[in-house]
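Asker:
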Amino acid sequence: MRAMIFDGSGKPLRLAEVPVPEPGPGEVLLKVHACGICRTDLHIVDGELAEPKLPLIPGHQIVGSVVRSGAGVGRFAEGTRVGVPWLGATCGTCRHCRSGRENLCDHALFTGYQRNGGFAEYTVADVRFCFPIPDGYPDLQAAPLLCAGLIGYRSLTMAGDAERLGVYGFGAAAHIVTQVARFQGRQVFAFTRSGDAKGQAFAREMGAVWAGSAEERPPDELDAAIIFAPAGELVPAALRAVGKGGIVVCGGIHMSDIPRFPYDILWGERSIRSVANLTRRDGAEFLSLAPRVPVRTEVQPYPLEAANEALADLRRGAIRGAGVLVVGS
Ligand SMILES: [Zn+2]
Ligand SMILES: [Zn+2]
């Protein structure tokens, strides 16, 4: 099969012919139709996440169909369309797993990081961590639901019942969160890189009531803010934008250092928290909610062998909505 391989940071992904993997016990072999790209893939390629398996096939927003099941697997019939998210496996026995927080599992394995992912024509996945894809979502439109959507949804949940919600960084996750937040009757205030008029127009199109640059103060005091951009300086900016009791949620897996800030912008029971990974429950909830909103994902397609170009476009903020590798059908 054709695959894009990561050999270590500082090197572009390499197109290679490798054997189709065999599904082990508890696994399914999937023919990959599409795989979304994510900022986390950039952090892996840039060496900002320290524990990738090498060589690695990245990609953790996989839409594929079941080709064959390994021993002991009867969950999905051959041909069923399923999605594979970032959370690839958990131990099931650690304190976190036993308390409904498998996203924090001490021994988790992540797709496209510690397990091979979807930048390839085939992949194997632990069947317990696959989701059925909701009807009505073509492969390309479904792919971004699997990380941008899931992590966005978990981040939104952490924002509590905030009515006025700020979103910093208007990429794949934000364009989905905005639609869900609107559906829930919230107002979304979108913050982009300064001068990104296109991004701000896109945010308004998706339903933001206001869009401006991250240095600007919104017209109204916010109840919560979600930061999707990996820039630490947004944390004090967001703290200044939220009112008393406001929550600042950091939705990314990596962020540059947060600059020092005076205590009085945290005072007044404001809080800062991160969101890590996802649980299967988040997945089930979000994938049943998405068609009811309905969430419509805006995607920019790339062929599999253009994965490096897709990542470069993501890096410079040139993707409207979500980038997706079109792999097969
Ligand atoms: Zn565990
Ligand atoms: Zn991701």
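With the working numbering applied, the sequence shown covers 75 to 403.
C-beta atoms are modelled at their ideal positions from N, C-alpha and C, and glycine is treated no differently.
Going by alpha carbons, who is nearest to E383 out of G192, P86, A305 and R278?
Answerer: For the purposes of this step, residue 383 is taken as the residue at position 309 of the sequence shown. Ranking G192, P86, A305 and R278 by Cα distance to E383 puts P86 first.
Asker: What is the DSSP secondary structure of F408, reduced to helix, strand or coil?
Answerer: In the structure as shown, the chain starts at 75 and stops at 403, and residue 408 therefore has no counterpart that could be examined.
Asker: What whole-angstrom Cβ distance do V283 and I301 have, given they're in contact under 8 Å?
Answerer: Position 209 of the sequence shown holds residue 283. Position 227 of the sequence shown holds residue 301. Incorrect: roughly 19 Å between the Cβ atoms, too far for contact.
Asker: Can you find at least 3 beta carbon pairs, one from the region 93-102 and one from the region 126-143, that sit closer than 8 Å?
Answerer: Contact between the region 93-102 and the region 126-143 is present, with at least three C-beta pairs closer than 8 Å.
Asker: If contacts are defined as beta-carbon pairs under 8 Å, then A285 and R291 qualify, I think. What distance do you get, rounded to the angstrom?
Answerer: By one-based count along the sequence shown, residue 285 stands at place 211. By one-based count along the sequence shown, residue 291 stands at place 217. In fact, because the Cβ distance is near 13 Å, the residues do not count as touching under 8 Å.
Asker: Between which two residues does the alpha helix (DSSP H) carrying S143 extend?
Answerer: For the purposes of this step, residue 143 is taken as the residue at position 69 of the sequence shown. First-last for S143: I136 to S143, but that is the beta strand (DSSP E), not the alpha helix (DSSP H).
Asker: Starting from R88, follow the beta strand (DSSP E) in both directions and report where the run begins and ends.
Answerer: Within the sequence shown, the letter at position 14 stands for residue 88. R88 to E91 is the span of the beta strand (DSSP E), which, as asked, contains R88.
Asker: The beta strand (DSSP E) spanning I346 covers which residue range?
Answerer: Walking along the sequence shown from the start, residue 346 turns up at place 272. Its beta strand (DSSP E) spans residues S345 to S348.
Asker: Tell whether a beta-carbon distance below 7 Å holds between A303 and A315.
Answerer: Locating residue 303 in the sequence shown gives position 229, counting from the first residue. Locating residue 315 in the sequence shown gives position 241, counting from the first residue. No; because the gap between Cβ atoms is not below 7 Å, this pair is not in contact.
Asker: Name the DSSP beta bridge partners of L220, please?
Answerer: Taking the first residue of the sequence shown as 1, we reach residue 220 at position 146. Note: L220 sits in no beta bridge, so no partner.
Asker: Helix, strand or coil for E330 per DSSP?
Answerer: Taking the first residue of the sequence shown as 1, we reach residue 330 at position 256. Residue identity differs from the one stated: residue 330 is Ser in this sequence, not Glu. In the structure shown, S330 falls within a coil segment according to DSSP collapsed to helix, strand and coil.
Asker: Where H117 and H328 are concerned, what is the direct C-alpha to C-alpha distance, given to the nearest angstrom?
Answerer: Start at 1 with the first residue of the sequence shown, and residue 117 comes out as number 43. Start at 1 with the first residue of the sequence shown, and residue 328 comes out as number 254. For H117 and H328, the distance between alpha carbons rounds to 7 Å.
Asker: Going residue by residue through the region 192-273, where are the continuous beta strand (DSSP E) segments of at least 3 residues, counting only ones entirely within it?
Answerer: 196-200, 238-242 and 261-266, all fully within the region 192-273.
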